[in-house]
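Engineer: In case it helps, the numbering used here puts the sequence shown at residues 2 to 181.
Would you mind keeping the following structure in view while I ask a few things?
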Amino acid sequence: AGWQKICLFALYFQSSPLIVTAEPDGTIPGAVRFFRAAFPSSVPPAAKALGWRGFIAWRWSDEWPRAFEMLRNGGKPIIPPILQEIVLPREPDRVYTFAARVAADFPFTSIVPAHFDAPIAAGPSDWLRAFSHFAPSPESGIGTSEPSGTLPDADLAFLREFERQLVASGTIRPRPARSA
């Protein structure tokens with residue numbers, strides 16, 4: 002079960018079942034509260050000896066298996082949430098054009114994903130469905146209308162807020178406007 006939680010943490014940073022003990026708020030007192038809560042006295046000495054000296058800044062709610070199964074998408078290809086929400090939306094047309102070209106040019110029958118069981122039986126249409134978040138509108142006749150791996154808004158909330166802050170600070174450009 003530990004590796005499944007690592008997948009959730011690595012791909013979302015903070016999915017909905019991850020509960021931060023004391024959220025930092027950007028202030029010195031907030032940082033002090035966070036670090037005090039992150040090193041609870043209840044951590045056994047043997048656990049502290051394993052590394053990180055007992056740093057436990059979060060816990061998992063009982064809902065984490067559901068979040069993992071949604072992320073797993075029945076073993077079908079998905080775009081990792083961090084890429085889907087923050088990186089690739091800056092150039093959605095180029096992303097989809099690339100995905101469509103791969104699907105058209107290579108008659109593959111399996112994919113080796115970076116984060117889950119491999120290989121998986123999947124062909125060009127499965128590949129393209131994973132990228133359907135970036136497809137032009139269905140009216141254009143391009144792309145699919147049913148994205149593969151639609152992830153829960155609650156699990157994407159942290160990444161969406163992070164994106165909002167990155168755009169507001171000028172670190173990344175906003176998503177381009179797309180015709181509906």
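The beta-carbon is built from N, C-alpha and C at its ideal position, and this holds for glycine as well.
On a predicted model such as this, the values are computed, not experimentally measured, just so you know.
Taking just the CA atoms, how far does W4 sit from A50?
Structural biologist: Rounded to whole angstroms, A50 to W4 spans 21 angstroms at the Cα level.
Engineer: Would you tell me roughly how many angstroms separate the C-alpha atoms of K6 and F69, rounded to the nearest one?
Structural biologist: Straight-line Cα distance between these residues: approximately 8 angstroms.
Engineer: Report the rounded CA-to-CA distance for G31 versus T22, giving the unit in angstroms.
Structural biologist: In a straight line, the C-alpha of G31 is about 12 angstroms away from that of T22.
Engineer: Please state if the CB of P66 and the CB of R2 are separated by a distance shorter than 9 angstroms.
Structural biologist: The residue asked about is misnamed: residue 2 is Ala in this sequence, not Arg. Yes. Within cutoff.
Engineer: How would you label E147, buried or exposed, when you count the other beta carbons within 10 angstroms and need 16 or more for buried?
Structural biologist: In this prediction, E147 has a pLDDT of 46, which is less than 50 and means its spatial position is unreliable; nothing more can be read from the coordinates.
Engineer: Helix, strand or coil: which one does DSSP assign to S111?
Structural biologist: Three-state DSSP puts S111 in a strand.
Engineer: Less than 9 angstroms between the C-beta atoms of G124 and F109, yes or no?
Structural biologist: In this structure, F109 lies closer than 9 angstroms to G124 by Cβ.
Engineer: Which residues mark the beginning and the end of the alpha helix (DSSP H) in which I7 is found?
Structural biologist: Note, I7: alpha helix (DSSP H), G3 to Y13.
Engineer: On the CB-based measure, 16 or more other CB atoms within 10 Å of its CB, does Q85 come out buried or exposed?
Structural biologist: Answer is buried; the Cβ neighbour count reaches 16.
Engineer: Let me check one thing: in DSSP terms, what residues is A122 bridge-paired to?
Structural biologist: DSSP, once it has assigned bridges, lists S111 as partnering A122.
Engineer: Does the beta-carbon of G142 have 16 or more other beta-carbons within 10 angstroms, so that it is buried, or is it exposed?
Structural biologist: Since pLDDT at G142 reaches only 43, below the 50 mark, its modelled position is unreliable, and the value read off the structure follows with that caveat. Exposed: under 16 other Cβ atoms inside 10 Å.
Engineer: Which partner residues of V21 appear in the DSSP bridge assignment?
Structural biologist: Answer is W59, bridged to V21.
Engineer: Nearest-angstrom Cα distance between A155 and S17?
Structural biologist: Those two C-alpha atoms are separated by around 6 angstroms.
Engineer: Based on Cα-Cα distance, which residue from P114, P25 and R54 lies nearest to K77?
Structural biologist: Residue P114 is the option with its Cα nearest to K77.
Engineer: Just to confirm, are I20 and W53 a CB contact at a threshold of 9 angstroms?
Structural biologist: For I20 and W53, no; Cβs fall outside 9 angstroms.
Engineer: If you follow the alpha helix (DSSP H) that Q166 is in, where does it begin and where does it stop?
Structural biologist: It spans D154 to A169 - the alpha helix (DSSP H) in which Q166 sits, taken as one unbroken run.
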